[in-house]
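So the sequence lines, in the order shown, correspond to chains S and B.
One point on numbering: in my numbering, the residue at position 166 of the first sequence is 166, and numbering is uninterrupted.
One point on numbering: in my numbering, the residue at position 239 of the second sequence is 239, and numbering is uninterrupted.
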Amino acid sequence: MPRQIGDVILEVEDLHTYCFTRWGVVKAVDGVSFSLREGEALGIVGESGCGKTMTALSLLRLVPRPVARIIKGKIVLEGENLLEKSEREMRAIRGRRISMILQDPQTSLNPVFTIGNQLIEAIQIHHRDGHRSLVRRAIDGLKQVRVAAPERRVQDYPHQISGGMKQRVVGAIAISCEPRVIIADEPTTSLDVTIQAQYLRLLREIQEETNLALIFITHDFGIVAKMCDRVMVMYAGRAVESGPVREIFNHPSHPYTQALLNSVPTMDERVERLYSITGQPPALWDLPVGCRFEARCPQADDHCRRQYPPSFTVGEGHTADCWRLE
Amino acid sequence: MEAEPILRAQGLVKHFPVTQGMLWTTVVGWVKAVDGISFSIQPGQTLAIVGESGCGKTTTAKLILRLEEPTSGEVFVDGKDVHALNGDALKEYRTSVQAVFQDPWSSLSPRMRVQEIVAEPLVVNRGVSAQEVKGRVAEILSRVGLRPEQAKLYPHEFSGGQRQRIAVASALVSDPKLIILDEPVSALDVSIRAQIMNLLVDLQKQYGVSYLLIAHHLATTRYMAHEVAVMYLGKIVERAKTEELFKNPAHPYTKALFSAALPAHPDIVREEIILSGEVPSPINPPSGCRFHPRCPFVMPQCSEIEPEEKALVPGHTVACHLY
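This is how it looks when you write it as structure tokens:
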């Protein structure tokens, strides 16, 4: 069944998540807005420290406390603002309506419990049921992520299975309670190339079967090109450009997006010389008043230094924050 | 006519014993990490070894660096058998072959200043005077894009990309003939990767040094390497000049690896060859061709006879019964 992009299911408005550290206030997420539709795949791309993981954790209200706090904004999931929920209500939402796949399956599975146990733990929170039927649900969950011989696998411990299989188990836990939204935070960076291809295809199949909405948090434009419908590029806590995937690849409008796309070698053609962005991203506790990419931008001028640019529309559903587009 | 290669590996084999028992250990099996591979690198060129984890690429690097003794086979650098060297010749060898590792956070000693880290190959193996060392370090730091006065700092004062520059400086300071690059950019951020890749390419042109690049990222190898060898379970399954390999991959594993690589644009749709299962254990590798249990083109003889390396065109060899 092909995917059908439906109604808006998740809407994030002007999200601010700050960390209060001894060096000062780290503006990890500093005014990010986006929306996600049913059956859609959104990619959030950026380098380490750009705030993409903090955005994901904010959606689940799992930011590391007491250091980090969601300062303001709105996260509306199926019409309800998650920031107004109590911790108890959040527990009923996590896993059941919005769920997450973490980067490293080695650390996200507990080594002293069997795989079955860990699946059941997740299912139990939302479904009160007898042990036998919980085990059956766990086995069904493993079947859904194409684990061979799931009846035996539920009794295995994480060290007994391979990395690719572990990531499948993590996926099974994430989808076990049929959430509407799954956030996948760098789901394949620790996997080998051929295993990565298997896993991405699995995610695509599950998405087609259940029409769930996926958010890919990644630094790799390849994953975006293969899996996503829309992209949001983040830099130093802000979404600097967002739009449909083909638009972004064909007409990247923000200098940072352009530079990122040009600095990645491809295996499809011979590149004579890679473009390289000089310098490094600014420190998040000491951000410039103007555009955050200004110091590394080849086209920056005085205007960029003085004032942060607003979002300009460059195409259908395609916006970018850059003064040159004024 | 090709020049004398800087590095030549001949029938290189490394088996690790699998033991059982605490006091009276008995060998119950062998991990065939590297199982009879041969390759060579020309001066000023880059050979990339690509493959997935467990294919033996890191063991190969260790055999060349003399961090492991081969079970059989030889490595020649500059015509000398590396594993037969001792005394002064060994010291000289250690300065002429250097390495840059993946993770610049763990490969640089946090208790040494940049000056000491970069100078170490000179001080340990060459006994150069302090004055000379200082000048050489300053020169090499500016070559890799750092300022000479940063030699006084400690590694924690640098970002990831700068640390990798320090590692490159340290590898380059003794004027080596060969540098082994073990996943030199995979721990770095996307925008920093291009900086380091360009730096490595530039330094190669400047100094004429050869690289053995170990990578799993195909696009990186296409950008940096002159020649590519694809490894699977301890064997080289295909070897060719980079352009030739990327245009005409022949071995089914190479094809699968290429088809699994992520596209650079949403409109690039690759023929999907998704391999079933995972890389088998190197303890008891499959008989015949090691790839046959996962191969989409498997034939009866594949499980019985090990394929020999055959040349398709000069310089492009493949070990597969299809050819």
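Quick reminder that beta carbons are idealized off the backbone N, C-alpha and C, glycines included.
Run through the DSSP bridge pairs and tell me what residue i is partnered with.
i, result
"residue 322 (chain B)", "None; residue 322 (chain B) has no bridge partner."
"residue 238 (chain B)", "B:230 and B:318"
"residue 22 (chain B)", "Note: residue 22 (chain B) sits in no beta bridge, so no partner."
"residue 82 (chain B)", "Answer by DSSP bridge pairing: none, since residue 82 (chain B) is not bridged."
"residue 29 (chain B)", "B:18"
"residue 312 (chain S)", "S:320"
"residue 46 (chain B)", "B:211"
"residue 72 (chain B)", "B:13"
"residue 99 (chain S)", "S:182"
"residue 43 (chain S)", "S:216 and S:231"
"residue 69 (chain S)", "S:18"
"residue 309 (chain B)", "B:319"
"residue 249 (chain S)", "Beta-bridge pairing links residue 249 (chain S) to no other residue."
Would DSSP call residue i helix, strand or coil?
i, result
"residue 149 (chain B)", "helix"
"residue 7 (chain B)", "strand"
"residue 275 (chain B)", "coil"
"residue 243 (chain S)", "strand"
"residue 177 (chain B)", "coil"
"residue 111 (chain B)", "coil"
"residue 35 (chain S)", "strand"
"residue 156 (chain B)", "helix"
"residue 19 (chain S)", "strand"
"residue 318 (chain S)", "strand"
"residue 1 (chain B)", "Low confidence applies to residue 1 (chain B): its pLDDT is 42, below 50, so where it sits in the model is not reliable, and the reading given next is rough at best. Three-state result, residue 1 (chain B): coil."
"residue 294 (chain B)", "helix"
"residue 235 (chain S)", "strand"
"residue 87 (chain S)", "helix"
"residue 215 (chain S)", "strand"
"residue 77 (chain S)", "strand"
"residue 94 (chain S)", "strand"
"residue 24 (chain S)", "strand"
"residue 326 (chain S)", "coil"
"residue 8 (chain S)", "strand"
"residue 13 (chain S)", "strand"
"residue 100 (chain B)", "strand"
Whose C-beta lies closer than 6 Å to the C-beta of residue i among residues of the same chain, with five residues either side of it excluded?
i, result
"residue 232 (chain S)", "34, 44, 239 and 242"
"residue 26 (chain S)", "19, 284 and 285"
"residue 138 (chain S)", "116, 119, 120 and 154"
"residue 174 (chain S)", "99, 101 and 182"
Assuming residue i and residue j make a contact with CB atoms under 8 Å, what is their CB distance in whole Å?
i, j, result
"residue 260 (chain S)", "residue 227 (chain S)", "Rounded, the Cβ-Cβ distance is 17 Å, inconsistent with contact."
"residue 28 (chain B)", "residue 18 (chain B)", "5 Å"
"residue 326 (chain B)", "residue 184 (chain B)", "Here chain B comprises residues numbered 1 to 323, so residue 326 (chain B) is not present and cannot be evaluated."
"residue 95 (chain S)", "residue 126 (chain S)", "6 Å"
"residue 265 (chain S)", "residue 222 (chain B)", "6 Å"
"residue 31 (chain B)", "residue 282 (chain B)", "5 Å"
"residue 276 (chain S)", "residue 225 (chain B)", "About 19 Å; that fails the 8 Å criterion."
"residue 4 (chain S)", "residue 105 (chain S)", "Not really, about 30 Å apart at Cβ, beyond 8 Å."
"residue 345 (chain S)", "residue 190 (chain B)", "Outside the displayed range of chain S (1 to 326) lies residue 345 (chain S), so it cannot be described from this structure."
Using a Cβ-Cβ cutoff of less than 8 Å, which residues in the same chain neighbour residue i once the five nearest sequence positions on both sides are dropped?
i, result
"residue 172 (chain B)", "98, 140, 143, 144, 179, 203, 207 and 209"
"residue 25 (chain B)", "19"
"residue 1 (chain B)", "With a pLDDT of 42 at residue 1 (chain B), under the threshold of 50, the modelled position of this residue cannot be trusted, and the question is left open."
"residue 7 (chain S)", "37 and 38"
"residue 151 (chain S)", "139"
Starting from the C-beta of residue i, find all residues in its chain whose C-beta is less than 7 Å away, skip the five residues before and the five after it, and write them out in chain order.
i, result
"residue 3 (chain B)", "42 and 43"
"residue 326 (chain B)", "Residue 326 (chain B) falls outside the range modelled here, since chain B spans only 1 to 323, and no answer is possible."
"residue 29 (chain S)", "15, 16, 17, 51, 54, 55, 58 and 237"
"residue 47 (chain S)", "219 and 281"
Would you list, in chain order, the members of the segment 274-290 of chain S that have their beta-carbon closer than 7 Å to a beta-carbon of chain B?
-> So the list reads 274, 275, 276, 277 and 280, given in the order they occur along the chain.
Chain S contacts made by the segment 181-193 of chain B, where a contact means CB separation under 9 Å = The segment 181-193 of chain B vs chain S, Cβ under 9 Å: 189, 190, 191, 192 and 193.
Contacting positions in the segment 14-44 of chain S - beta carbon closer than 9 Å to chain B = Of all residues in the segment 14-44 of chain S, none places a beta-carbon less than 9 Å from a beta-carbon of chain B.
Using a beta-carbon distance cut-off of less than 9 Å, what residues from the segment 217-249 of chain B approach chain S?
-> For the segment 217-249 of chain B, residues whose beta-carbon sits nearer than 9 Å to a beta-carbon of chain S comprise 217, 218, 219, 220, 221, 222, 223, 224, 242, 243 and 246.
For the segment 254-266 of chain B, which residues have a CB atom closer than 9 Å to at least one CB atom of chain S, in sequence order?
-> Sequence-ordered contacts of the segment 254-266 of chain B with chain S read 256, 257, 258, 259, 260, 261, 262, 263, 264, 265 and 266 [C-beta pairs closer than 9 Å].
Between the segment 153-170 of chain B and chain S, which residues of the former have a C-beta closer than 9 Å to a C-beta of the latter?
-> Of all residues in the segment 153-170 of chain B, the ones placed with a Cβ closer than 9 Å to any Cβ belonging to chain S are 159, 160, 161 and 162, in chain order.
Near-chain B residues of the segment 257-273 of chain S (beta-carbon distance less than 9 Å), N- to C-terminal order = So the list reads 259, 260, 261, 262, 263, 264, 265, 266, 267, 268, 269, 270, 271 and 273, given in the order they occur along the chain.
What residues in the segment 215-234 of chain S bring their beta carbon closer than 7 Å to a beta carbon of chain B?
-> Contacts with chain B (Cβ-Cβ distance below 7 Å) from the segment 215-234 of chain S involve 219, 220, 222, 223, 225 and 226, listed in chain order.
Cβ-based contacts, 8 Å cut-off: residues of the segment 299-323 of chain S near chain B = The segment 299-323 of chain S vs chain B, Cβ under 8 Å: nothing.
Given a limit of 8 Å on CB to CB distance, which residues of the segment 234-248 of chain S reach chain B?
-> Flagged, chain order: 245 and 246.
Of the residues that make up the segment 269-280 of chain B, which ones have a beta carbon closer than 7 Å to any beta carbon in chain S?
-> Listed by position, the residues of the segment 269-280 of chain B near chain S (Cβ gap below 7 Å) are 274, 275 and 278.
Between the segment 51-67 of chain B and chain S, which residues of the former have CB atoms less than 8 Å from a CB of the latter, in chain order?
-> Hits within the stretch, in order: 52 and 53.
Which residues, taken in chain order from the segment 172-199 of chain S, show a beta carbon closer than 8 Å to some beta carbon of chain B?
-> Residues 192, 193, 194, 195, 196, 197 and 198.
In chain order, what residues of the segment 151-166 of chain S put their CB closer than 9 Å to some CB of chain B?
-> Residues 162, 163, 164 and 165.
Using a Cβ-Cβ cut-off of less than 7 Å, list which residues of the segment 194-215 of chain B approach chain S; keep chain order.
-> Under the 7 Å Cβ criterion, the segment 194-215 of chain B contributes 194, 195, 197 and 198.
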